[in-house]
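Under full-length UniProt numbering, the sequence shown has 415 at position 415, and the numbering climbs by one with no breaks.
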Amino acid sequence: MHNQGAVKKKMNGYVGFSNFPNQEHRRSIKRGFNFTLMVVGESGLGKSTLINTLFESKVYPTKETEESVGTVRAGVEITSVSADIQENGVKLRLNVVDTPGFGDSINNEDAWRPILENIESRFDAYLAQENRVNRSKIVDNRVNAVLYFIRPTGHGLRAVDIEFMKHLHTRVNLIPVIAKADTLAGREVEGFKARILADINYHGIQIFRPVSDQFDDPETVADNKAIGARIPFAVVGSERVVARADGAAVRGRQYPWGTVEVENEAHNDFVSLRQMLLRTHMEELRDATDVALYEAYRTQKLLALGHVQDNAVFREFNPRAAAEEEERVHGAKMQKLEAEMAAVFRQKVHEKEGKLKLSEEELHARHQQMKAVLEKQRHELEDRRMRLAAPGSASAPPPPPVDHAEQPVQRMPSKD
Ligand code: GTP
Numbered sequence: 001m002h003n004q005g006a007v008k009k010k011m012n013g014y015v016g017f018s019n020f021p022n023q024e025h026r027r028s029i030k031r032g033f034n035f036t037l038m039v040v041g042e043s044g045l046g047k048s049t050l051i052n053t054l055f056e057s058k059v060y061p062t063k064e065t066e067e068s069v070g071t072v073r074a075g076v077e078i079t080s081v082s083a084d085i086q087e088n089g090v091k092l093r094l095n096v097v098d099t100p101g102f103g104d105s106i107n108n109e110d111a112w113r114p115i116l117e118n119i120e121s122r123f124d125a126y127l128a129q130e131n132r133v134n135r136s137k138i139v140d141n142r143v144n145a146v147l148y149f150i151r152p153t154g155h156g157l158r159a160v161d162i163e164f165m166k167h168l169h170t171r172v173n174l175i176p177v178i179a180k181a182d183t184l185a186g187r188e189v190e191g192f193k194a195r196i197l198a199d200i201n202y203h204g205i206q207i208f209r210p211v212s213d214q215f216d217d218p219e220t221v222a223d224n225k226a227i228g229a230r231i232p233f234a235v236v237g238s239e240r241v242v243a244r245a246d247g248a249a250v251r252g253r254q255y256p257w258g259t260v261e262v263e264n265e266a267h268n269d270f271v272s273l274r275q276m277l278l279r280t281h282m283e284e285l286r287d288a289t290d291v292a293l294y295e296a297y298r299t300q301k302l303l304a305l306g307h308v309q310d311n312a313v314f315r316e317f318n319p320r321a322a323a324e325e326e327e328r329v330h331g332a333k334m335q336k337l338e339a340e341m342a343a344v345f346r347q348k349v350h351e352k353e354g355k356l357k358l359s360e361e362e363l364h365a366r367h368q369q370m371k372a373v374l375e376k377q378r379h380e381l382e383d384r385r386m387r388l389a390a391p392g393s394a395s396a397p398p399p400p401p402v403d404h405a406e407q408p409v410q411r412m413p414s415k416d
């Protein structure tokens, strides 16, 4: 698998992440979900097949042969693929992080280390973004769950499994799955599960379990209990549709003795895993990552810093205090800027008012000037009239107006 940008994936069927009435929080519905799932387990345990079966789409390539089983590699690599999938108008940005090489070396003692480092570096990247002034575009690449594939030996956990879970359980939601459960007999599966759980308890490992006591609704409580009872999920994956004995086409694996159906709860726990991961507990996994795992990591990291620094320096390293300080400085800067802008505004208004006043005065002066000119002209005309009207003036005054009323009326002859 290689790193690549998000690709749009077409799903062949209903996956269930859009089943929002059952998802606890609805805020993600509008924005779309971002979910990061890591798969860990040695080569050839069916990791790619299970992911593609879960998401009903070819999220990443699978090998059709068992060639990778038992491949010896030099070390663990971390690769990821992203797929944008959409269902009932709900968008899901799915990031699948693969860890090829895990458990494939001769010595797997430290196989957990690069994976832990990768998970913590994602926390660090988030922490760095949280401390920025502009936190509107935080990219959240934190791993929300790890599907840990247990080899179907039937004997219990191996050292590599225990080491991995012991080192990772405080950093990530661990979901153990028994790979290729169809290779075990039905009776074997129950015994295997009991041994795995005993090992998990013995080593004080925390795995993700759906909580049932916080709900009032008896149906939800029962559903969560039923899912919890199937952990670790014994799963079968298949990208093939095969014919059942009755002729029905089902997703499954065909054997000479019959068909193992992926979505048959009597055959394996695929349905319960899908239910928990995608339909009922996706938000809970995201919340647990944010509120419990990340917070604990952040606090631990800061405490560790505080341990070796004096208090003043520690305050500098305290991201929350640093963020508040940044906010305060930013606020003060904004206030100063606002005050400067107000002063500039006042100055501009003052200048404008001055200009207006000046033009008003000019207008008044011009008006006065005009008035004086007109007054002068009026006086001149008056003088001229007086001169003309005076007796003995060279030119006689105009004759008095004719009073037409005193003239004899000339009648028109009547027509009758
Ligand atoms: P790497 O990419 O090498 O890490 O392998 P992987 O873990 O992704 O395994 P992959 O899904 O490529 O499957 C390896 C082989 O196992 C293929 O031949 C699959 O068809 C087969 N396989 C996958 N899932 C199952 C299963 O549930 N049962 C059985 N019997 N075979 C399976």
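Every residue gets a Cβ at the ideal spot worked out from N, C-alpha and C, and that includes glycine.
| query | result |
| --- | --- |
| Just confirm the distance between the C-beta atoms of F102 and G41, as a whole number of angstroms; I'd bet it's less than 8 Å. | 7 Å |
| For the segment 148-214, which segments carrying the alpha helix (DSSP H) assignment without a break, of at least 4 residues, lie completely within its bounds, in sequence order? | 159-168 and 186-202 |
| For H169, which residues in the same chain have their Cβ closer than 6 Å to its Cβ, ignoring the five residues on either side in sequence? | I205 and Q206 |
| Please specify which runs of the alpha helix (DSSP H), each continuous and at least 4 residues long, are wholly inside the segment 265-303, giving them in chain order. | 270-274 and 282-287 |
| Please go through the same chain and pick out, in chain order, the residues whose beta-carbon is closer than 6 Å to the beta-carbon of L285, but skip the five residues on each side of it. | N144, A145 and N173 |
| Taking only the alpha-carbon atoms, compute the straight-line gap between E56 and N141 and give it to the nearest angstrom. | 23 Å |
| Straight-line CA distance for N34 to K352? | 55 Å |
| Just to confirm, does residue 417 get its C-beta within under 8 Å of one of the non-hydrogen atoms of the ligand GTP? | Since the first residue shown for the chain is 1 and the last is 416, residue 417 is missing from the structure and cannot be characterised. |
| Around the C-beta of E295, are 16 or more other C-beta atoms found within 10 angstroms, so that it is buried, or is it exposed? | exposed |
| Let's test the definition: count the other Cβ atoms within 10 Å of the Cβ of I227 and tell me whether it reaches 16, buried, or not, exposed. | buried |
| By the 10 Å Cβ neighbour count, where 16 or more other Cβ atoms means buried, how is H25 classified, buried or exposed? | Unreliable placement is indicated for H25, whose pLDDT of 47 sits below 50; no coordinate value is reported for it. |
| Under the assumption that T259 contacts V250 (Cβ atoms under 8 Å), give the Cβ distance between them as a whole number of angstroms. | 7 Å |
| Measuring only from the beta carbon, is P114 closer than 8 Å to any heavy atom that is part of the ligand GTP? | no |
| At a cut-off of 8 Å, is F123 close to the ligand GTP when judged by its beta-carbon and the heavy atoms of the ligand? | no |
| Output the residue ranges of the alpha helix (DSSP H) runs that lie fully inside the segment 116-150 and measure 4 residues or longer, sorted by chain position. | none |
| Quick check: what's the CA-CA separation for M165 versus G186? | 26 Å |
| Indicate, with yes or no, if the ligand GTP has a heavy atom lying under 8 Å from the CB of K58. | no |
| Is it the case that the CB of S48 approaches a heavy atom of the ligand GTP more closely than 8 Å? | yes |
| Would you kindly work out how many angstroms separate the C-alpha atoms of T79 and I51, rounded to a whole number? | 15 Å |
| Can you name, in chain order, every residue of its own chain whose Cβ lies under 6 Å from the Cβ of I138, other than the five neighbours on each side? | Q129 |
| So E239 and T49 are in contact, right, with Cβ under 8 Å, and what is the actual spacing, rounded? | 6 Å |
| Distance check for R279 and N88, CA to CA, integer angstroms please. | 13 Å |
| Measure the Cβ-Cβ separation of N268 and A181 and say whether it is below 9 Å. | yes |
| With DSSP run on the structure shown, which of helix, strand or coil describes F345? | helix |
| Would Y255 be called buried (16 or more neighbouring beta carbons within 10 Å of its own) or exposed? | exposed |
| Measure the Cβ-Cβ separation of T53 and V76 and say whether it is below 9 Å. | no |
| Can you tell me whether DSSP reads D98 as helix, strand or coil? | strand |
| Excluding five sequence neighbours on each side, which residues of the same chain lie with their C-beta closer than 8 Å to the C-beta of L184? | P152, G154, I178, F192 and A234 |
| Our contact map puts E326 next to V39 with C-beta atoms below 8 Å; I'd like the distance itself, whole angstroms only. | Contact doesn't hold; Cβ gap of about 38 Å is too wide. |
| Less than 7 Å between C-beta atoms, sequence neighbours within five positions excluded: which residues of the same chain meet that for W112? | E163, F164, H167 and L168 |
| Run through the DSSP bridge pairs and tell me what L381 is partnered with. | L381 is not bridged to any residue. |
| Go to A249, then tell me how far its beta strand (DSSP E) extends in each direction, as first and last residue. | A249 to Y255 |
| Under the three-state reduction of DSSP, which class applies to H307: helix, strand or coil? | Below a pLDDT of 50, predicted positions are generally treated as unreliable, and H307, at 49, falls in that range; the measurement from the model is reported next regardless. Note: H307 maps to helix in three-state DSSP. |
| Answer yes or no: the CB of M161 versus the heavy atoms of the ligand GTP, is any distance below 8 Å? | According to the sequence provided, residue 161 is Asp. The question's Met does not apply to it. Checking every heavy atom of the ligand GTP against the Cβ of D161, none is found closer than 8 Å. |
| Tell me the residue span of the beta strand (DSSP E) that contains A243. | V241 to A243 |
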